[in-house]
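> Those protein sequences? They're chains A, B, C and D, same order as listed. Quick note on the numbering used here: the first sequence kicks off at 423 and runs consecutively. Quick note on the numbering used here: the second sequence kicks off at 423 and runs consecutively. Quick note on the numbering used here: the third sequence kicks off at 423 and runs consecutively. Quick note on the numbering used here: the fourth sequence kicks off at 423 and runs consecutively.
4 protein chains.
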Amino acid sequence: MSSNSFGKLFTVTTFGESHGPAIGCVIDGCPPGIAIAPQDFAHDLSRRATGKSRFTSQRHEADEVEILSGVYENKTTGTPIALLIRNTDARSKDYDELLDTFRPGHADYTYWQKYGIRDPRGGGRASARETTMRVAAAVIAKKWLREKFGVQVRGYLAQIGDVMPDLSKGAVIDFDIVESNAFFWPVAAQVPRLEKYIDALRKDGDSVGARVDVVASNVPPGWGEPVYGKLDAELASALMSINAVKGVEIGAGFASVSQRGSEHRDELRSDGFASNHAGGILGGITSGQDVLASIALKPTSSILKPGRSVNLAGEQVEVRSKGRHDPCVGIRAVPIAEAMVALVLIDQALRHRAQCGDVGEVKPRIA
Amino acid sequence: MSSNSFGKLFTVTTFGESHGPAIGCVIDGCPPGIAIAPQDFAHDLSRRATGKSRFTSQRHEADEVEILSGVYENKTTGTPIALLIRNTDARSKDYDELLDTFRPGHADYTYWQKYGIRDPRGGGRASARETTMRVAAAVIAKKWLREKFGVQVRGYLAQIGDVMPDLSKGAVIDFDIVESNAFFWPVAAQVPRLEKYIDALRKDGDSVGARVDVVASNVPPGWGEPVYGKLDAELASALMSINAVKGVEIGAGFASVSQRGSEHRDELRSDGFASNHAGGILGGITSGQDVLASIALKPTSSILKPGRSVNLAGEQVEVRSKGRHDPCVGIRAVPIAEAMVALVLIDQALRHRAQCGDVGEVKPRIA
Amino acid sequence: MSSNSFGKLFTVTTFGESHGPAIGCVIDGCPPGIAIAPQDFAHDLSRRATGKSRFTSQRHEADEVEILSGVYENKTTGTPIALLIRNTDARSKDYDELLDTFRPGHADYTYWQKYGIRDPRGGGRASARETTMRVAAAVIAKKWLREKFGVQVRGYLAQIGDVMPDLSKGAVIDFDIVESNAFFWPVAAQVPRLEKYIDALRKDGDSVGARVDVVASNVPPGWGEPVYGKLDAELASALMSINAVKGVEIGAGFASVSQRGSEHRDELRSDGFASNHAGGILGGITSGQDVLASIALKPTSSILKPGRSVNLAGEQVEVRSKGRHDPCVGIRAVPIAEAMVALVLIDQALRHRAQCGDVGEVKPRIA
Amino acid sequence: MSSNSFGKLFTVTTFGESHGPAIGCVIDGCPPGIAIAPQDFAHDLSRRATGKSRFTSQRHEADEVEILSGVYENKTTGTPIALLIRNTDARSKDYDELLDTFRPGHADYTYWQKYGIRDPRGGGRASARETTMRVAAAVIAKKWLREKFGVQVRGYLAQIGDVMPDLSKGAVIDFDIVESNAFFWPVAAQVPRLEKYIDALRKDGDSVGARVDVVASNVPPGWGEPVYGKLDAELASALMSINAVKGVEIGAGFASVSQRGSEHRDELRSDGFASNHAGGILGGITSGQDVLASIALKPTSSILKPGRSVNLAGEQVEVRSKGRHDPCVGIRAVPIAEAMVALVLIDQALRHRAQCGDVGEVKPRIA
């Protein structure tokens, strides 16, 4: 499978550079008969979009999706679905002076080492703009998962810099609150503080990292495959492929290191599991509990503060980003992380159906 | 690609159950002309093996590798290399009473939910015994990487329970020390303490988690592919596919969350990078710095302490593992983690060579 | 790999329906640094296009290629190349009355059986219009093969109905003649006869089959992989995937059945092979001789002559195609067959380079 | 997918050389719960085996299958099934003098060009012995197809040299006759003539080609995928990958070239199709009619008659095969061709189930 494609059976291939004429994707292997229209993409694309608040980059893209194929009379036909979004607000001149310079913390240097050539406009293919198409493709995946199985995939910001949500342990997340503020933050009372925090960061010309948690609920037991196709392995790959992600956890994650076995193992009772340190996955296969994944996003390297680097001639230079960037890219990563989880789930659902038949046969279910 | 296969071009397919007649693998796409003999596998297999000290499971397997194909007069021919190891010390009777019971924290329940049938002997396919073949396959990968590029892939235990290595920040790991104790621990003075710690744990019938760090040095710049085939994405998948792994970090990992962009971004100087928070990977492609990956391993669920669970009839039961198990599976994970990193690297090296030609053309190199 | 993608390393994913808004493709894994501009596609697309003579369908499509990504300042960058062609002359009303009817010899019935839904406009995804993108993608493949290895991939019509080229056995094909007539026919003197033949066929409202031969010359020895990735196996798949193809031959093909081993085996002499019954491939790997492949194309089922069929209600109906169709689709198949051969060759070339290093090491070469 | 693997979801990876210690395969993605035991492989392996009559090679292999994994209490568990057959009658000394010589018509020269090294014993990986594992793997595929859908995949010899079965056009094949003679020949009365024919050939130290037809009956409509994953494209690849195959036809095959559209298109009537020139496949998807495929096998190049070739030094030499070989390899190709058709069908069946759900929903069926 090509490296710009994702998924074995529900396969999404994306293309496009940040400041090229367009970005797009081709979705192959989609089940037929799913109702889909251009306006269905608006909600999630808007959640991911820049320019919606002063806390994200000020690039304004309409992100209007054109469906080029695979949909007939607003239903998927089973043939490849091509989606296209024209880039409209690409200010390539912002990058002119970076043509010969490798920005620190960016892919400029490595792309150039790999290919001997690179598209310098806005980070080219390495830009987070590519993730727009992941979100678009996942709109269809989420719809199928929700309508067929009741699966819901939802994320929220679980840390920004040193700030954590003021929640008691095991508290249930209120996703209405999450969706009502610009930070996907689960505690409404903390939002003003975050606004000040980000404003100060922007004034300082700096950026900060973030942690995003994703919860997939109502996932049937039995999805995932041993041993390299484990659901958690594929989630790890899917989430780590998002720009700026430096870590992935499933369930208890790194906290498992200092746990005892008697504490970590989730006991089963006749009315369900007693805890969920496993994050809903055992042996790479879902248990029927919520699937829990978390990611760490690094602070964006595109900041106003000057940094030292080298140019093509190997000379020492000072670099200062002028493009429009996010003080915390992690905020907008919430819908992207949801998208990647949804894409992994639909793919595994189809693979499970292939090998074992449709879900829903009579087995005792514990969750 | 099938879910028991790993790698696009250097493809390893493993098979076998913990207590079945044999385990094995088929390696396809191996470069021809690599010198390899049965005894070459002994070193790394021994590092992974159980029964070498009282700190690991007491199962004793000879782990003798038979080369069934793909090698002629001790050289790889380019055709599939099949490796076979017979299981000899499988005590399936230890598991007889677990036939109808789902052990908590194990894959028993999920395999049964998926397939409606499961091999209950020793965890079947979900056993860590499968990882033996990853280590075997990686012996060939490591050899090619080392001989052709000088790449070295080495790991060590970076945390066990709450105990961390007594190292100053940025200290260079002495791998001679790591290889001289049963814990792959980088600080010799702490080993007696660890021995007591594990002994107490064993007496208590419990287990604990661990953190493993892997360092790949001398990796040429340019390996890795945008955007779903990113080197870090594939490392995440490879490492998360190891039994008991619950988290993966690249470079600064979750610590990035509370870093500032001005701190995290690794500045470039004409004599190299000033730091390595990125873990040697930018935009999914190697920069020429050391590739740094870390994993969290959960405490094994196979412990003597009884736990509550349910049986096939859905009744509440008490489960107590009798099989031979590790108080800390994380210890033996060191060579397995190295193996997965090596398998990802050789695969990306071959893919890079396919698209961009052989490494070594004249480009300024910074590292 | 998804079923609308082709190639393991040089991967082409096509999308689009005959009468949808657009057709397009994404090429992933392309070597960087290949000079390419929109006008480079015109020549081969024109060779495949309809409406160029009275002997093909009268649909007129501009077939203007827009490069959406992967090319910067007219050079490939190594990232996915997306090509887009808008459909402009789609007359869907021609198909209105076929909405509920399965045309005999078409994919109408099978698509509907598979998906329970189908795009009836002009055959939808099953239309030969899809092959436009194969030809476009192969323009880049052909360029790389020619510039790097001197490989040339050229085809011609080797039979139309019962008419065969008036050539002596073993005659060398003059491709200047082939390219100078509307039939890709290698004997100029027969062209007037073919014109009359096709005119009569059109008047009769009927169609006829064709045979296309493709020759790839200057192919280095060593391309192709055992045992399911054999070059001939992949050529067979690639060529059989072209609309209307019902047979594929390599070298002597079906004539081998009545040959003796002493006749068929191509003896080697110090100055080269004495014959080429193998078609340049032994054990799935190129020998350095010309690679020879042939295909059989059925007569198109879209003809004016009425035919019997059934409708969605299962009732007997009479069907008569009104759309614009070819009396012999085989004619336009020449550039499509070349394209598929070129796509197979570039993919195998990259795979060979991955496993065995760049071509050109010192081995005795016989061809 | 690696080149020694076949199938996207029901994936068979084979390994082993003709005269190495063993051959084997790993089957991944197999549906769970299929009853399978070692003795189930005997029938088809015996049909493919050498040494059963004087008309095939005199190599005698027990072909005893050891099941190494994936089967528990005689049922498939859904995990990888590894099958192993030890080579017992490998006389490598027969090949000693061929070490430095490239046999004409063999893969000796091309393997050496590709890899710079080759296993010369009995053709190594290029030997038809590899096909044993295809037949073994297909035993499971055939069982699932038959038990779940009633699909039967059966082949017969349709031509040997210039001899064709004495059958009237459209005659139904009697597979009891086919299975009752050493030639898989459908007309009992011709068998004595074939015996004489092959005996004469053997005496002459020569060989001859053959044509094999395969019929898959009761295949449900809807299997196969546009556009590169067409069922006929995958059959072409699968069949062309068999040693010595030089041509593949679906349905009318090359005879389509001289047909008219009004003749070739299979009209639909309310009680089914009126003919089957398409070979049961339209647009790459099954129609519910019998799937018909044919292959051409070249005469084996391993014959007693001396042939001219070159050696490693590039010198002209005379080669005479001493190994035990078949005067007509095509005879034993019948079960191999069946196997490949069955492997393609099960794979497409699983893929269809993944995308479109289980077969059997209410649609009008015409066949």
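We put the beta carbon where it would ideally sit given N, CA and C, even for glycine.
Run through chain F and tell me which residues come within less than 8 Å of T708 of chain C, C-beta to C-beta.
Structure shown: chain F not included; protein chains present are A, B, C and D.
> Residues of chain C with a CB under 8 Å from the CB of S680 of chain D: which are they?
Q581, G583, D584, V630 and G631
> Using the DSSP secondary-structure output, state which residues sit across from L704 of chain B in a beta bridge.
DSSP output for L704 of chain B lists B:I707 as bridge partner(s).
> If you check the beta carbons only, do G644 of chain D and I707 of chain D fall under 9 Å apart?
Cβ distance < 9 Å, so G644 of chain D and I707 of chain D count as in contact.
> From A610 of chain A to L589 of chain A, what distance separates their C-alpha atoms?
11 Å
> List the residues of chain C that T722 of chain D touches, going by C-beta distances under 8 Å, in chain order.
Correct list: G683.
> Quick one: which chain D residues come within Cβ less than 8 Å of G451 of chain A?
A776 and Q777
> So what does DSSP say about Y578 of chain D, is it helix, strand or coil?
Of the three classes helix, strand and coil, the one that applies to Y578 of chain D here is strand, per DSSP.
> If you draw a straight line from the C-alpha of G705 of chain D to the C-alpha of V713 of chain C, how long is it?
27 Å
> So with Cβ pairs under 9 Å, would you call Y440 of chain B a contact of chain A?
The sequence as given places Ser at residue 440 of chain B; Tyr does not occur at that position. For S440 of chain B, the nearest beta carbon of chain A is not closer than 9 Å to its own beta carbon.
> Taking S663 of chain C as the query, report the chain D residues whose CB atoms sit under 7 Å from its CB, ordered along the chain.
V649, Y650, K652 and A655
> Would K430 of chain B be called buried (16 or more neighbouring beta carbons within 10 Å of its own) or exposed?
Residue environment for K430 of chain B: buried (at least 16 other C-beta atoms within 10 angstroms of its C-beta).
> How would you call Q738 of chain D, buried or exposed, if buried means at least 16 neighbouring beta carbons within 10 angstroms?
exposed
> Among C:I449, C:G736 and C:Q461, which has the Cα closest to the Cα of M555 of chain C?
Out of C:I449, C:G736 and C:Q461, C:I449 has the C-alpha closest to the C-alpha of M555 of chain C.
> Closer than 6 Å by C-beta to P648 of chain D: which residues in its own chain qualify, once you throw out the five before and the five after it? Chain order, please.
G706
> So which residues of chain A does A761 of chain B contact, with C-beta pairs closer than 8 Å?
Per Cβ cutoff of 8 Å: no residues; A761 of chain B is ~12 Å from chain A at best.
> Are the C-beta atoms of G500 of chain C and some chain B residue less than 9 Å apart?
yes
> Here's the rule I'm using: 16 or more other beta-carbon atoms within 10 Å means buried, otherwise exposed. How should H441 of chain A be labelled?
buried
> Quick check on this structure: which residue in D:A660, D:S639, D:P642 and D:A444 has the alpha carbon closest to the alpha carbon of T510 of chain D?
D:A444
> Scan the stretch 664-675 of chain C for residues whose Cβ lies nearer than 7 Å to a Cβ of chain D and list them as they occur along the chain.
K668, G669, V670, E671, I672, G673, A674 and G675
> Please tell me whether F676 of chain C and F676 of chain D are closer than 9 Å, where the distance is taken between their beta carbons.
yes
> Identify, in the order they occur along the chain, each residue of the same chain with its Cβ nearer than 6 Å to the Cβ of G572 of chain A, setting aside the five sequence neighbours on each side.
N640
> Only counting the same chain, and skipping five residues up and downstream in sequence, which positions put a Cβ closer than 7 Å to that of H686 of chain A?
A674, S678 and H699
> Which of helix, strand or coil does DSSP assign to F437 of chain D?
strand
> Taking a cut of 9 Å between CB atoms, which residues from the stretch 524-535 of chain D lie near chain C?
F524, R525, P526, G527, H528, A529, D530, Y531, T532, Y533, W534 and Q535
> Which class does V784 of chain C belong to by DSSP, given the choice of helix, strand or coil?
Annotation note: pLDDT 41 at V784 of chain C (below 50); position unreliable, no value reported.
> Are the C-beta of T435 of chain A and some C-beta of chain D separated by less than 9 Å?
no
> Got a sec? Which residues, its chain only, sit under 7 Å from L661 of chain A by beta carbon, not counting five neighbours each side?
V667, V670, A715, I717, A759 and M762
> Could you give the C-beta distance for Y494 of chain A and D541 of chain C, rounded to a whole number, given that I count them as a contact under 8 Å?
4 Å
> At what residues does the alpha helix (DSSP H) containing K565 of chain D begin and finish?
T553 to F571
> With distance defined between alpha-carbon atoms, name the residue in B:V741, B:V732 and B:G710 nearest to W534 of chain A.
B:G710
> May I ask which residues mark the beginning and end of the alpha helix (DSSP H) holding K668 of chain B?
Here K668 of chain B belongs to no alpha helix (DSSP H); instead the beta strand (DSSP E) covers V667 to I672.
> Skipping 5 residues on each side, what residues in its chain have a beta carbon closer than 6 Å to that of G701 of chain A?
I672, G673 and L714
> Buried or exposed: where does V594 of chain D fall if 16 or more other Cβ atoms within 10 Å of its Cβ makes it buried?
exposed
> What number of angstroms, rounded off, separates the C-alpha of G451 of chain C from the C-alpha of V756 of chain C?
26 Å
> Do three or more CB pairs link the stretch 477-494 of chain C to the stretch 762-774 of chain C at distances below 8 Å?
no
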